[in-house]
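Everything below concerns the one structure shown next.
Protein chains: 2
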Amino acid sequence: MMENPVLVDVTRGERVESFHRGAFAIVDGDGRLVASAGDVEQPVFPRSAVKVFQGIPLVETGAAAAFAFEPADLSLACASHSGEPGHVERAAAILDRAGLDRHALECGCHWPSRQEVAFDMVRRGEEPNPLHNNCSGKHSGFLCTAVHLGEETRGYVGADHPVQRRAKAVIEDLTGAALGPDVCGTDGCSIPTYAAPLKGFAHGFAKLVSMKNVSADRAKAGRALIEACMAHPWEMSGTGRACQAIMDLGGRKVFAKTGAEGVFCGALPDLGLGFALKIDDGAGRASDALAAAVIARALRDAEPDLAAAFDGLARKTLSNWNKIETGEIRAKRLD
Amino acid sequence: MMENPVLVDVTRGERVESFHRGAFAIVDGDGRLVASAGDVEQPVFPRSAVKVFQGIPLVETGAAAAFAFEPADLSLACASHSGEPGHVERAAAILDRAGLDRHALECGCHWPSRQEVAFDMVRRGEEPNPLHNNCSGKHSGFLCTAVHLGEETRGYVGADHPVQRRAKAVIEDLTGAALGPDVCGTDGCSIPTYAAPLKGFAHGFAKLVSMKNVSADRAKAGRALIEACMAHPWEMSGTGRACQAIMDLGGRKVFAKTGAEGVFCGALPDLGLGFALKIDDGAGRASDALAAAVIARALRDAEPDLAAAFDGLARKTLSNWNKIETGEIRAKRLD
Chain E
1 MMENPVLVDV TRGERVESFH RGAFAIVDGD GRLVASAGDV EQPVFPRSAV
51 KVFQGIPLVE TGAAAAFAFE PADLSLACAS HSGEPGHVER AAAILDRAGL
101 DRHALECGCH WPSRQEVAFD MVRRGEEPNP LHNNCSGKHS GFLCTAVHLG
151 EETRGYVGAD HPVQRRAKAV IEDLTGAALG PDVCGTDGCS IPTYAAPLKG
201 FAHGFAKLVS MKNVSADRAK AGRALIEACM AHPWEMSGTG RACQAIMDLG
251 GRKVFAKTGA EGVFCGALPD LGLGFALKID DGAGRASDAL AAAVIARALR
301 DAEPDLAAAF DGLARKTLSN WNKIETGEIR AKRLD
Chain B
336 MMENPVLVDV TRGERVESFH RGAFAIVDGD GRLVASAGDV EQPVFPRSAV
386 KVFQGIPLVE TGAAAAFAFE PADLSLACAS HSGEPGHVER AAAILDRAGL
436 DRHALECGCH WPSRQEVAFD MVRRGEEPNP LHNNCSGKHS GFLCTAVHLG
486 EETRGYVGAD HPVQRRAKAV IEDLTGAALG PDVCGTDGCS IPTYAAPLKG
536 FAHGFAKLVS MKNVSADRAK AGRALIEACM AHPWEMSGTG RACQAIMDLG
586 GRKVFAKTGA EGVFCGALPD LGLGFALKID DGAGRASDAL AAAVIARALR
636 DAEPDLAAAF DGLARKTLSN WNKIETGEIR AKRLD
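Top to bottom, those sequences are chains E and B.
First residue of the first sequence: 1, per the working numbering; consecutive thereafter.
First residue of the second sequence: 336, per the working numbering; consecutive thereafter.
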């Protein structure tokens, strides 16, 4: 197994206490590696970082238009959201327009990731339902597509259901990877997730924003989703989350989406670039920091001031319970 | 930097999704490496894994006897507890016997780590206080020692306070490492934490249980704490925690204590062995699994059935929100 480099350090006092290895790829629309570190050919599970790819059929089939999706709805359909009231209400409204409710969702239940939100629910005596699942927006999009095409909605999370087959076909088209049973796992929300090389995921996002090596309709659908996420980052993530911080800073020049187990994918639309990264050990604290560093690298020449701001976002001070500074998480500067 | 080996895999479907590198040492009372992997000479922060070492002055000074510490109190004094009501009440009772209350604690506040416990507090309209801090038992022990010796209690978390100087002297004695400002960081509960080699921490625990290369009084104090933790693992950890699972399985033949950022230390008292491990990236899921594998390795020859049971504990099935099995966390079998 190729050794990936250390890309993120976590310090305590003057020492490195822990460190994270990983790989990243920045790719253009022709599939050229603009920058990389580590093994970008090894298949990795993208998890939620490719929700834009999985959302493309919602737009391509006309379901989004048929059910009056606003940009904020499209962002939610690409979201790993924090289960805040605005997320839950928007997902419920989408389902309602398709004649469905939360009972149609097959993503399972979990408490909102944001502690204050969970505590507020506890105070009100509420329990989580599938609308609180961070994937409920994506699943609402899946259901709308099935309803629009007259498909059976039950079982839409199964690998053989047309909803998942369409999503897989889009990912194969965009990544150029063959996604067979050998690279298939079950995701947290019960849909299949397929491992493919980081370089392929980065190229897929580059295709969408460069409109190279992809059909015009697919690029249009993908760009609509990416633009919706950049315009409405809260709907795609939540209060205080890394994706929101990145897109707030990026000012519609950066799209970025996290995935479980230390993955991040994204795009620089104006530059026609896509990127993908994975932390070997799956740590989100490290992928959050490395995403900022990779974006800084991608912006370095074209947008030096914005790149410097992302270099700042790649470092995070750590404090203890008495608010005493104990160290920091810091991605390596990538030049 | 020496490359540590992959010791823990996290799978999804048939594939390894993420993996964790690290190092471990099993050492006897003479300081001989019985088994190891990776760099065991590199200094690492032990964090809470050496609370037994930090608790030794509580016993050695006579403070524990003066304030009528039962074995369960000694276990709490070595704890990273989950803030459950029984932990909080016991810490409050210890402080009360020393004429103090929670306002004397300088560890800071955080919500209990166990979600149900935090939710119960929210339902009752409560907020966390320093007694809920996972370190409140250790800090109560620090305070009792200071009171017993007639020292100023305020500022007991400072590196120059006698409480912390005694703790440092014990760790230097047991590890054989010089702990200067160059290896000092601030811990989550605001006391100093000192980095030293894994081999030294493992040897320190081996000294206590083998009674070799250590004064009789120090060994007696250390054994009293270790035996208290093995007899009362819940007080040292909490419901569902890895330390409790390990000590429940070990049946007083195994002592083990976790530390933040992927550390575990422990001892096999009957075999006169100590161990220490650190996951490079700091992941607790990996150190929990590796601790079981290291204990299995240490027990392999003397207690093959118990070793096999710990091999089982070194693997944990992962399920998603619909309770579908998605993969597992599995430490490598160590032979």
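Backbone N, C-alpha and C fix where the C-beta goes; we use that ideal spot for every residue, glycine too.
Nearest residue (CA-CA) to residue i, options the options
i, options, result
"His474 of chain B", "B:Gly511, B:Pro527, B:Met456", "B:Pro527"
"Val83 of chain E", "E:Leu313, E:Glu235, E:Arg223", "Reading off the sequence shown, one finds Gly at residue 83 of chain E, where the question assumed Val. It is E:Glu235 whose Cα lies nearest to the Cα of Gly83 of chain E."
"Val27 of chain E", "E:Gly108, E:Asn322, E:Ala298", "E:Ala298"
"His496 of chain B", "B:Ala631, B:Glu507, B:Ala481, B:Glu638", "B:Ala481"
"Gly250 of chain E", "E:Ala224, E:His232, E:Thr175, E:Asp217", "E:His232"
"Ala37 of chain E", "E:Phe45, E:Asp280, E:Leu74", "E:Asp280"
"Asp436 of chain B", "B:Thr488, B:Arg459, B:Arg458", "B:Thr488"
"Phe402 of chain B", "B:Val375, B:Leu430, B:Arg382, B:Gly619", "B:Leu430"
"Thr326 of chain E", "E:Gly284, E:Pro43, E:Glu41, E:Arg15", "E:Arg15"
"Gly539 of chain B", "B:Phe454, B:Arg620, B:Gly607", "B:Gly607"
"Cys444 of chain B", "B:Gly390, B:Arg459, B:Cys470, B:Cys600", "B:Cys470"
"Pro639 of chain B", "B:Lys592, B:Leu478, B:Asp670, B:Gly597", "B:Asp670"
"Ala221 of chain E", "E:Pro43, E:Ala64, E:Asp9, E:Phe19", "E:Ala64"
"Ser18 of chain E", "B:Ser550, B:Gly594, B:Asp605", "B:Gly594"
"Gln42 of chain E", "E:Gly188, E:Gly31, E:Gly29, E:Ala25", "E:Ala25"
"Asp674 of chain B", "E:Arg47, E:Pro181, E:Gly13, E:Ala216", "This structure leaves residue 674 of chain B out entirely; chain B is present only between 336 and 670."
"Ala537 of chain B", "B:His467, B:Leu484, B:Pro463, B:Lys592", "B:Lys592"
"Glu461 of chain B", "E:Asp187, E:Phe119, E:Thr239", "E:Phe119"
"Asp9 of chain E", "E:Ala302, E:Gly185, E:Arg285", "E:Arg285"
"Gly647 of chain B", "B:Asn657, B:Asp636, B:Lys667, B:Asn655", "B:Lys667"
"Leu342 of chain B", "B:Pro406, B:Gly366, B:Asp374, B:Arg367", "B:Asp374"
"Ala384 of chain B", "B:Thr521, B:Phe610, B:Leu641", "B:Phe610"
"Leu509 of chain B", "B:Glu486, B:Gln579, B:Ala554", "B:Ala554"
C-alpha gap between residue i and residue j, whole angstroms
i, j, result
"Thr652 of chain B", "Ser190 of chain E", "16 Å"
"Ala358 of chain B", "Ala649 of chain B", "16 Å"
"Asn548 of chain B", "Gly472 of chain B", "29 Å"
"Ala433 of chain B", "Thr346 of chain B", "50 Å"
"Phe35 of chain E", "Pro85 of chain E", "The sequence given here has Ala at residue 35 of chain E, not Phe. Each residue's Cα considered, the two are about 40 Å apart."
"Ala644 of chain B", "Arg587 of chain B", "15 Å"
"Ala439 of chain B", "Ile581 of chain B", "33 Å"
"Val88 of chain E", "Gln115 of chain E", "16 Å"
"Ile171 of chain E", "Lys386 of chain B", "50 Å"
"Phe590 of chain B", "Phe69 of chain E", "58 Å"
"Cys199 of chain E", "Ala628 of chain B", "The displayed chain sequence assigns Lys, not Cys, to residue 199 of chain E. Approximately 35 Å between the Cα atoms of the pair."
"Met265 of chain E", "Arg665 of chain B", "Before going on, a small fix: residue 265 of chain E reads as Cys here, not Met. Approximately 27 Å, taken between the alpha carbons."
"Leu143 of chain E", "Ala167 of chain E", "13 Å"
"Arg356 of chain B", "Gly597 of chain B", "10 Å"
"Gly336 of chain E", "Ile659 of chain B", "Any property of residue 336 of chain E remains undetermined from this structure, which presents chain E solely from 1 to 335."
"Ala426 of chain B", "Asn339 of chain B", "39 Å"
"Arg458 of chain B", "Arg123 of chain E", "6 Å"
"Met565 of chain B", "Cys229 of chain E", "52 Å"
"Gly575 of chain B", "Asp583 of chain B", "11 Å"
"Ala530 of chain B", "Leu368 of chain B", "19 Å"
"Pro604 of chain B", "Ala637 of chain B", "12 Å"
"Asp552 of chain B", "Gly515 of chain B", "25 Å"
CB contact below 8 Å: residue i versus chain A
i, result
"Arg165 of chain E", "Here chain A cannot be found, since the structure's protein chains are E and B."
Heavy atom of the ligand NAP within 7 Å of residue i beta-carbon
i, result
"Ser319 of chain E", "Although the ligand NAP was asked about, the structure shown includes no ligands whatsoever."
- Would you call the region 201 to 220 of chain E and the region 147 to 161 of chain E touching, i.e. three or more CB-CB distances under 8 Å? Judged by Cβ distances under 8 Å, the region 201 to 220 of chain E makes no contact with the region 147 to 161 of chain E, as fewer than three pairs qualify.
- Query: Any residues in the region 380 to 407 of chain B with a beta carbon nearer than 7 Å to a beta carbon of chain E? Which ones, in chain order?
  - Reply: Phe380
- Task: Could you tell me whether the region 50 to 70 of chain E touches the region 285 to 296 of chain E, using the rule of 3 or more Cβ pairs below 8 Å?
- Result: no
- Entirely within the region 384 to 411 of chain B and at least 4 residues each: give me those alpha helix (DSSP H) ranges in chain order. 386 to 395, 398 to 401
- Check whether the region 67 to 78 of chain E touches the region 223 to 232 of chain E, taking contact to mean three or more Cβ pairs, one atom from each stretch, closer than 8 Å. yes
- Task: Pick out the complete beta strand (DSSP E) segments inside the region 627 to 662 of chain B, 3 residues or longer, and give them in chain order.
- Result: 650 to 654
- Could you list the residues in the region 638 to 662 of chain B with a C-beta less than 9 Å from some C-beta on chain E, going in chain order? Taking 9 Å as the Cβ-Cβ cut-off against chain E, the residues of the region 638 to 662 of chain B that qualify are Asn655, Trp656, Asn657, Lys658, Ile659, Glu660, Thr661, Gly662.
- Message: At a CB distance below 7 Å, what residues from the region 270 to 301 of chain E approach chain B? Give them in sequence order.
- Response: Asp280, Asp281, Gly282, Ala283
- Task: Go through the region 171 to 196 of chain E residue by residue and report every complete run of the beta strand (DSSP E) that reaches 3 residues or more, in order.
- Result: 184 to 186, 192 to 194
- Item | Complete alpha helix (DSSP H) runs within the region 536 to 583 of chain B (minimum length 4 residues, chain order) | Taking only runs of at least 4 residues, the alpha helix (DSSP H) segments lying wholly in the region 536 to 583 of chain B are 551 to 566, 568 to 571.
- Query: What residues in the region 81 to 114 of chain E bring their beta carbon closer than 9 Å to a beta carbon of chain B?
  - Reply: Glu106, Cys107, Gly108, Cys109, His110, Trp111
- Task: Could you pull out every unbroken alpha helix (DSSP H) segment of at least 4 residues lying fully inside the region 112 to 146 of chain E, listed in chain order?
- Result: 115 to 123
- Query: Quick one, which residues of the region 173 to 202 of chain E are near chain B if we go by CB-CB under 8 Å, in chain order?
  - Reply: Asp182, Val183, Cys184, Gly185, Thr186, Asp187, Gly188, Cys189, Ser190, Thr193, Ala195
- When you check each C-beta in the region 349 to 370 of chain B against every C-beta of chain E, which residues fall closer than 8 Å? Glu349, Arg350, Glu352, Ser353, Phe354, His355, Arg356
- Members of the region 113 to 128 of chain E near chain B, C-beta cut-off 7 Å: Cβ contacts with chain B: Phe119, Val122, Arg123.
- Pull out every residue of the region 582 to 596 of chain B whose Cβ sits closer than 8 Å to any Cβ of chain E, in chain order. The residues in question are Glu596.
- For the region 132 to 154 of chain E, enumerate the residues whose C-beta is nearer than 8 Å to any C-beta of chain B, in chain order. Asn133
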